[in-house]
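Participant: Supplied in structure tokens, the structure appears directly below.
2 protein chains.
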Amino acid sequence: MPDRNRRVLLARRPAGIPQPDDFAIDAVPVPEPGPGEVLVRNLYLSVDPAQRGWASAEANYSQPVPLGSPMRALAVGVAVRSNSPEVAEGEFLYGWFGWQDYAAVPVSAIFRRCAEAVPLSAHAGLLGLNGLTAHLGLTALGRPRPGDTVLVSTAAGAVGSLVGQIARNLGCRAVGLTGDDAKVARCREAYGYAAAWNYRTDDWAASLAREAPEGVNVYFDNVGGPILDAALRRMAVGGRVVQCGTASVASWAEVPTGPRVEREILTRRLVWSGFVVLDHKDRFEEAIAALAGWYGQGRLVLDEDVSEGIEAAPGAIAALYRGENRGKRLIFVG
Amino acid sequence: MPDRNRRVLLARRPAGIPQPDDFAIDAVPVPEPGPGEVLVRNLYLSVDPAQRGWASAEANYSQPVPLGSPMRALAVGVAVRSNSPEVAEGEFLYGWFGWQDYAAVPVSAIFRRCAEAVPLSAHAGLLGLNGLTAHLGLTALGRPRPGDTVLVSTAAGAVGSLVGQIARNLGCRAVGLTGDDAKVARCREAYGYAAAWNYRTDDWAASLAREAPEGVNVYFDNVGGPILDAALRRMAVGGRVVQCGTASVASWAEVPTGPRVEREILTRRLVWSGFVVLDHKDRFEEAIAALAGWYGQGRLVLDEDVSEGIEAAPGAIAALYRGENRGKRLIFVG
Numbered sequence: 001m002p003d004r005n006r007r008v009l010l011a012r013r014p015a016g017i018p019q020p021d022d023f024a025i026d027a028v029p030v031p032e033p034g035p036g037e038v039l040v041r042n043l044y045l046s047v048d049p050a051q052r053g054w055a056s057a058e059a060n061y062s063q064p065v066p067l068g069s070p071m072r073a074l075a076v077g078v079a080v081r082s083n084s085p086e087v088a089e090g091e092f093l094y095g096w097f098g099w100q101d102y103a104a105v106p107v108s109a110i111f112r113r114c115a116e117a118v119p120l121s122a123h124a125g126l127l128g129l130n131g132l133t134a135h136l137g138l139t140a141l142g143r144p145r146p147g148d149t150v151l152v153s154t155a156a157g158a159v160g161s162l163v164g165q166i167a168r169n170l171g172c173r174a175v176g177l178t179g180d181d182a183k184v185a186r187c188r189e190a191y192g193y194a195a196a197w198n199y200r201t202d203d204w205a206a207s208l209a210r211e212a213p214e215g216v217n218v219y220f221d222n223v224g225g226p227i228l229d230a231a232l233r234r235m236a237v238g239g240r241v242v243q244c245g246t247a248s249v250a251s252w253a254e255v256p257t258g259p260r261v262e263r264e265i266l267t268r269r270l271v272w273s274g275f276v277v278l279d280h281k282d283r284f285e286e287a288i289a290a291l292a293g294w295y296g297q298g299r300l301v302l303d304e305d306v307s308e309g310i311e312a313a314p315g316a317i318a319a320l321y322r323g324e325n326r327g328k329r330l331i332f333v334g
Numbered sequence: 001m002p003d004r005n006r007r008v009l010l011a012r013r014p015a016g017i018p019q020p021d022d023f024a025i026d027a028v029p030v031p032e033p034g035p036g037e038v039l040v041r042n043l044y045l046s047v048d049p050a051q052r053g054w055a056s057a058e059a060n061y062s063q064p065v066p067l068g069s070p071m072r073a074l075a076v077g078v079a080v081r082s083n084s085p086e087v088a089e090g091e092f093l094y095g096w097f098g099w100q101d102y103a104a105v106p107v108s109a110i111f112r113r114c115a116e117a118v119p120l121s122a123h124a125g126l127l128g129l130n131g132l133t134a135h136l137g138l139t140a141l142g143r144p145r146p147g148d149t150v151l152v153s154t155a156a157g158a159v160g161s162l163v164g165q166i167a168r169n170l171g172c173r174a175v176g177l178t179g180d181d182a183k184v185a186r187c188r189e190a191y192g193y194a195a196a197w198n199y200r201t202d203d204w205a206a207s208l209a210r211e212a213p214e215g216v217n218v219y220f221d222n223v224g225g226p227i228l229d230a231a232l233r234r235m236a237v238g239g240r241v242v243q244c245g246t247a248s249v250a251s252w253a254e255v256p257t258g259p260r261v262e263r264e265i266l267t268r269r270l271v272w273s274g275f276v277v278l279d280h281k282d283r284f285e286e287a288i289a290a291l292a293g294w295y296g297q298g299r300l301v302l303d304e305d306v307s308e309g310i311e312a313a314p315g316a317i318a319a320l321y322r323g324e325n326r327g328k329r330l331i332f333v334g
């Protein structure tokens with residue numbers, strides 16, 4: 001085990017998407033857990049689009065990460081010392097442990113214990129915030145019915161690849177948008193999408209109109225921007241739009257413009273909802289049971305894209321926004 | 001009773017808001033009701049913002065009115081002949097009788113019988129589509145809770161004036177936007193709004209921020225456009241936006257642009273829904289019972305703006321969009 005704690009600090013406030021230079025890596029003594037605290041040795045650091053918002057100073061749904069402190073991140077680790085009667089040494093934990101080797105944290109920083117029969121890394125994705133986001137965004141806000149057409153943007157991403165598979169497991173027809181041909185193939189061959197398109201090169205709106213002539217019943221949107229504009233105009237009457245992210249919009253510092261939407265909402269009687277997973281804690285265990293069950297039955301493919309070494313962290317968010325990951329992006333630091 | 005049937009025909013397809021020249025008035029023999037049909041003598045013709053959509057050739061949620069036929073309209077009338085066992089001569093009826101003196105219609109054109117103890121004209125507004133729209137848009141999609149702040153655009157209109165009063169009757173705090181100072185006063189003095197502003201002259205967004213520092217819980221929007229843009233940015237987390245109309249947008253032939261909204265929806269976790277009253281037929285009688293009950297208890301003020309003579313019809317829609325009406329706009333042709 002390392003005898004120093006390497007940390008990825010937020011060195012300056014990013015303009016838009018965090019870039020490698022926005023971070024600095026240092027090494028400090030391994031922290032001492034205080035009374036009631038647990039010392040976690042991180043194993044898998046999670047890389048998530050939401051980190052862009054956490055690093056930003058713009059008003060958001062969480063407090064910004066203070067400059068000079070370790071980048072906020074979820075991680076899977078093991079308790080190497082515990083001053084809490086609630087945590088045993090040797091327990092595997094998933095929680096707010098940050099981009100660093102070690103975290104001395106109160107029990108409230110622990111999101112879940114890693115108890116289910118899945119690979120350890122899957123606790124950071126499939127059974128972590130990504131899986132919860134996919135399952136609860138789709139079911140609680142999207143309210144899919146069997147036979148519905150469910151459109152997913154970032155269809156091959158950590159969340160989107162699960163949305164497509166969950167939709168199919170619920171008896172829906174999933175169609176997806178992603179940013180390169182290899183991901184298109186993966187969507188069709190592994191994630192159960194009935195159709196998938198490369199939004200950069202395909203005339204996907206025309207293809208979607210042919211593939212779903214009755215319109216889209218549920219649109220699970222991670223990107224916003226022009227893809228959203230086009231998708232809104234392909235919704236069926238009574239369709240549901242789940243706004244889970246706005247990854248395609250580089251900056252909100254000056255609010256960009258787009259075609260007005262109120263007439264689409266009115267005439268198509270859409271229900272367009274904003275989804276933030278932490279609003280839905282009361283349904284987390286239900287979602288995890290469903291996800292773990294499907295995984296155990298071989299009904300969920302789990303793709304992970306794992307780098308080794310904490311040096312990979314500073315560039316990882318920007319790479320995610322460039323669409324370079326293949327499945328759930330993790331950094332192994334064990 | 002007139003011995004001819006005067007009719008307001010749609011003479012050409014309007015460009016945007018229907019203007020007087022888009023209509024022509026003719027006079028034809030009083031029609032004969034066919035088998036199963038009812039001959040209705042109209043008394044009150046309704047003027048509604050939705051007629052703009054009915055007259056338009058743009059894709060919409062109803063079929064466009066054919067050129068050369070009487071303008072589609074709701075009206076209150078009396079059955080003067082009946083070939084249907086379901087309707088007695090002398091019954092007062094509210095239905096799709098068009099802008100004309102007489103209508104020979106099948107029973108399916110009757111929306112409701114006028115049975116409640118309210119003024120006859122009120123069946124075309126308070127207990128008609130306006131009241132149903134106000135009540136069901138607010139309750140079914142807006143889901144107000146006691147203590148909520150409910151913002152209403154066109155706050156003094158046929159729908160808006162009822163939304164404000166219903167919100168107050170449900171224990172909410174209503175605040176409203178309207179287009180002139182006389183209407184602002186009427187909102188405050190008669191319709192129970194805690195605050196109301198003239199959107200043309202007041203810095204209403206700043207006033208709203210002071211009046212509702214915690215944000216707006218329900219926005220009942222009849223206008224779209226820049227008022228909607230500003231209101232979205234004053235919503236509370238978890239707020240509901242009811243899109244009931246887009247009256248401020250002059251034309252959708254080229255879709256106008258506006259500031260993008262997806263980040264507001266996401267970070268504020270809004271639920272933005274499109275409301276078309278005819279989707280909610282299963283709750284019409286419940287809504288009418290509530291409205292008639294409040295009216296009987298003196299808890300709903302009913303303002304009507306009644307012109308005499310069918311010649312008032314061709315200019316009435318445009319006048320409505322100019323905001324010239326004081327309350328529910330009707331044309332008496334009895």
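Chains A and B, in that order, give the protein sequences. If you're matching positions, the first sequence starts at 1 in the UniProt record's numbering and goes up one per residue. If you're matching positions, the second sequence starts at 1 in the UniProt record's numbering and goes up one per residue. Beta carbons are placed, not taken as given, at the ideal position from N, Cα and C, and that holds for glycine.
1. Label A/Val277 either buried or exposed according to how many other C-beta atoms from any shown protein chain fall within 10 Å of its C-beta, with 16 as the threshold for buried.
2. Nearest to A/Leu330 by CA position, among A/Leu208, A/Ala155, A/Val255, A/Gly77, is which residue?
3. Can you confirm whether A/Ile265, when its beta carbon is compared against all beta carbons of chain B, has any partner nearer than 8 Å?
4. With the cut-off set at 8 Å, would you say A/Gln100 and A/Arg7 are in Cβ contact?
5. By how many angstroms is the C-alpha of B/Leu300 removed from the C-alpha of B/Arg173?
6. Given that a residue counts as buried once 16 or more other Cβ atoms are within 10 Å of its Cβ, and exposed if not, what is A/Val47?
7. Can you give the Cα-Cα distance for B/Leu9 and B/Pro256, rounded to whole angstroms?
8. Rounded to the nearest angstrom, what separates B/Arg269 and A/Pro2 at their Cα positions?
9. So A/Gly53 and A/Asn83 are supposed to be a Cβ contact under 8 Å. How far apart are they, rounded?
10. If we call anything under 8 Å between Cβ atoms a contact, is B/Phe220 one with B/Gly327?
11. Got a sec: is the Cβ-Cβ distance from residue 335 of chain A to anything in chain B below 8 Å?
12. Using a beta-carbon distance below 8 Å, is B/Gly274 in contact with chain A?
13. Taking only three categories from DSSP, how would you classify A/Gly131?
14. Using C-beta distances below 8 Å, list every residue in its chain close to A/Ser207, excluding the 5 sequence neighbours before and after it, in chain order.
15. Across which residues does DSSP place B/Tyr219 in a beta bridge pair?
16. Can you list the residues of chain B that A/Thr257 reaches, using a CB-CB cut of under 8 Å?
17. Taking 8 Å as the CB-CB cut-off, is A/Asp148 touching chain B?
18. Can you give the beta carbon distance from B/Gly164 to B/Cys187, rounded, assuming they're within the 8 Å contact cut?
19. For a test of the three-state rule: what should DSSP assign to B/Asp305, helix, strand or coil?
20. Between the Cα of A/Val249 and those of A/Ala11, A/Gly16, A/Arg12, spot the shortest distance and give me the residue it belongs to.
21. Cα-Cα, which of B/Asn169, B/Arg4, B/Tyr199 is closest to B/Ala182?
22. Just verifying my parser: in three-state terms, what is the DSSP assignment at B/Ala212?
23. Is A/Leu162 a contact residue of the ligand GDP, with contact defined as CB to any heavy atom under 7 Å?
24. If you run the structure through DSSP and keep just helix, strand and coil, what is A/Phe113?
25. I'd like to check one pair, B/Gly274 with A/Ile265: are the Cβ atoms closer than 8 Å?
26. Under a Cβ-count criterion, where at least 16 other Cβ atoms within 10 Å of its own Cβ denotes burial, should A/Pro226 be classed as buried or exposed?
27. Which residues in chain A have a C-beta closer than 8 Å to the C-beta of B/Gln243? List them in chain order.
28. Which residues in chain B sit within 7 Å of A/Thr246, going by Cβ to Cβ distance?
29. Between the region 302-315 of chain A and the region 15-30 of chain A, can you find at least three pairs of beta-carbon atoms closer than 8 Å?
30. I want to verify the contact list: residues of chain B whose CB lies under 9 Å from the CB of A/Gly215, in sequence order.
31. Under a three-way DSSP split, which group does B/Val184 fall into?
32. For B/Gly137, which residues in chain A fall below 9 Å Cβ to Cβ?
33. Measuring CB to CB, does A/Gly131 end up less than 8 Å from A/Leu291?
34. Got a sec? Which residues, its chain only, sit under 6 Å from A/Gly176 by beta carbon, not counting five neighbours each side?
35. Of all Cβ atoms in chain B, is any one closer than 8 Å to the Cβ of A/Leu208?
36. Kindly identify the DSSP beta-bridge partner or partners of A/Tyr102.
Facilitator: The relevant details are as follows:
1. buried
2. A/Gly77
3. yes
4. yes
5. 15 Å
6. buried
7. 30 Å
8. 42 Å
9. With 8 Å as the limit, A/Gly53 and A/Asn83 do not qualify as a contact, their Cβ atoms being about 32 Å apart.
10. no
11. The requested residue 335 of chain A does not occur in the structure, where chain A is confined to residues 1 to 334.
12. yes
13. helix
14. Ala195, Trp197
15. B/Leu151, B/Val241
16. Thr257, Gly258, Pro259, Arg260
17. no
18. 7 Å
19. strand
20. A/Gly16
21. B/Tyr199
22. coil
23. Absent from the structure shown: the ligand GDP. Ligands present: none.
24. First, the residue type needs correcting, since residue 113 of chain A is Arg and not Phe in the sequence shown. Strand.
25. yes
26. exposed
27. Glu262, Ile265, Leu266
28. Glu262, Arg263, Leu266
29. yes
30. Result: empty, since nearest Cβ-Cβ is about 12 Å, beyond 9 Å.
31. helix
32. Going along chain A, no residue has its Cβ under 9 Å from B/Gly137, so there is no contact; the nearest lies around 11 Å.
33. yes
34. Val152, Ala155, Gly164, Cys187, Tyr193, Ala196
35. no
36. A/Arg41
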